[in-house]
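Below is one structure, written out as structure tokens; comments come after it.
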């Protein structure tokens, strides 16, 4: 206490907020006993009991509507510090009274603002004060410091507004949907622009933003489709979601120093945007931030970037080149989705995962260098990259998800590292240029549609580690020649070799106990197939439309010939139905026009409809 003199204590006392603080102060030390007498205003609300605690006050502050007002002794002025409605003010005007928060409401505006002229005494323009009115020009008096939520929203005739220097607060959607608003000059007292401030101002072409503004709320300039240029302050803190969303005329922008995050959809569909300057403070760009910015060509990302969110550059049809700094740890799914002109991408060395559909539809991408520490390629990450001719997969890779290279029609080969044990569904589906593929000894399964529509694929070598071949795995591989399936394989899926039209013979491995539905359907060159005696089930359509198949020896333990099993096998001339067969399904031998004779064993109890239709035989 000895270090505090009376002057310093007076400054400290101005921060007190309770009567007990001031009472205690007089009792603590003799040199502070006169502190309360130095106040020329009451620093706290007073009641009758403590009115004399500040005997020297000349200005009486009224903090709330419930406060008792004293005009005795030396009181020369009463200052009302709480919000007072303009109409209330008009009814109770008194000579000594000063109002600091005089508010004009929407109702007051209709009654008292002739030709939309704002009275000079007003401090606050209330919520939706002029909303949906016919005001064409707003002249705001210098007494105003706060403009409320939606104050001028949907004023369709408003074309110009100037904020006086006294204005330090502008509420949400203040000028939203002012269709004819062309020009705005903001006050230097404003530190932030709230959510939706100029949202939907489609005619806005010119706005002067003072250097004092450090934050911009969500949808601040949403759909300001005529806004071609915005000069943001040099230093800032935040830019909200969808801030410049659908500003279709905006060409360039410089992000203020100090901004760490560009939120989701910030510049979505800014279709004229050609250049963005990023500060080194920026560490994160969130989802869809620049999605469908069709005019962006080159992207120079900040050197300290850590995160690129999902779909950040989705649909940027003009984007040619992107260099992602090594500081980046995360790139979200669909980040470059259908960036159809993207031809060069430099990925960060630290990246371990490429997310789903990251480069899907990048039809101009010819090659890409993957990080050496990459562990996972997620679903469809290079789907439909039709110009991609080569990819070197690092030895650190442990998993490749479904459809990763599906539709890569120019990809010539794929050297899959030995760390991969499963070829996922649709992995190289539609890779039209594939001619050969060698699968390492580590692979145990080829999932469904894995090589479907690889129409140039001629040869395949399967490892002895393989146990499973999924449905449609080699479907529509029109150039594929017969190959040996190792005896390690336990299951071959439905339509596995559908339309493999170069197959002229095939041997089912002894490890497989059934021929799945449609397995050899439309193998039009298949003449001979070796089916071992261990096969106990043949499913429907198994040999449907095998038009070159001349004869087949069925296993003796079969009890069932399914629907359309040999449908339109019109070269089939001889076949012995095993003695244990009890059921022959619908259209089983339909249009087997070369079948001249067949013996149906007595064990058969059911023959389906159209079973021997269009067959030239006697049963």
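Residue numbers (UniProt numbering): 1 to 619.
We put the CB at the ideal spot given by N, CA and C, even for glycine.
Residue environment for residue 229: exposed (fewer than 16 other C-beta atoms within 10 angstroms of its C-beta). Distance from the CA of residue 7 to the CA of residue 25, rounded to the nearest whole angstrom, comes to 14 angstroms. In this structure, the straight-line span from the alpha carbon of residue 477 to that of residue 500 is close to 5 angstroms.
Residue 479 sits close to residue 457, with the two beta carbons spaced by under 8 angstroms. Proximity to residue 481 across 522, 493, 436 and 441 peaks at 436, based on C-alpha coordinates. Close CB contacts of residue 574 within its chain, under the 7 angstroms cut and outside five residues either way in sequence, are with 551 (chain order). Scanning 516, 502 and 341 for the CA closest to the CA of residue 490 turns up 516. Assignment of alpha helix (DSSP H) within the stretch 121-167, counting only whole runs of 4 or more residues, yields no such run. Rounded to the nearest angstrom, the Cβ distance from residue 529 to residue 514 is 14 angstroms, too far for a contact under 8 angstroms. Per the coordinates, the alpha-carbon of residue 123 lies some 31 angstroms from the alpha-carbon of residue 242.
Pairing residue 562 with residue 554, the inter-Cα distance amounts to about 13 angstroms.
Assignment of residue 498 by DSSP, reduced to helix, strand and coil, places it in the coil class. For residue 103, the enclosing beta strand (DSSP E) stretches over residues 102-104. Residue 262 and residue 197 have their C-alpha atoms spaced approximately 18 angstroms apart.
The beta carbons of residue 249 and residue 227 sit closer together than 8 angstroms. Excluding the 5 residues flanking it on each side, residue 452 has same chain C-beta neighbours closer than 8 angstroms at 426, 429, 430, 472, 473, 474, 475, 476 and 477, in chain order. The secondary-structure analysis by DSSP pairs residue 575 across a beta bridge with 552. In this structure, DSSP gives residue 8 a helical state, which the three-state scheme calls helix. Bounds of the beta strand (DSSP E) holding residue 299 are 298-300.
Around the beta carbon of residue 609, fewer than 16 other beta carbons sit within 10 angstroms, so the residue counts as exposed. Judged by DSSP in its simplified three-state form, residue 99 adopts strand. Closest by C-alpha distance to residue 260, out of 394, 176 and 285, is 285. In the DSSP assignment, residue 506 falls within the unbroken beta strand (DSSP E) covering 505-507.
As DSSP reads the structure, residue 65 sits in no beta bridge. Take residue 67, set aside five residues on each side of it, and the residues of its chain with a beta-carbon closer than 6 angstroms to its own are 45, in chain order. Apart from the 5 residues on each side of it in sequence, residue 94 has no Cβ closer than 6 angstroms to any other Cβ in its chain. Residue 594 and residue 566 have their C-alpha atoms spaced approximately 12 angstroms apart. Closest option to residue 303, judged by alpha-carbon separation, among 297, 325, 287 and 296: 325. Put simply, the backbone Cα of residue 320 is about 12 angstroms away from that of residue 274. Along the length of the stretch 332-382, whole beta strand (DSSP E) runs at least 3 residues long occupy 344-346, reported in chain order. Within the model, the alpha-carbon separation for residue 19 versus residue 50 is close to 8 angstroms. Check the Cα spacing between residue 557 and each of 518, 327, 579 and 109: the tightest is with 579.
For the pair residue 84 and residue 99, the CB atoms are nearer than the 8 angstroms cut-off.
Distance from the CA atom of residue 149 to the CA atom of residue 237, rounded to whole angstroms, is 22 angstroms. Considering only 596, 76, 616 and 564, the residue with the shortest C-alpha distance to residue 607 is 564.
Put simply, the backbone Cα of residue 224 is about 42 angstroms away from that of residue 410.
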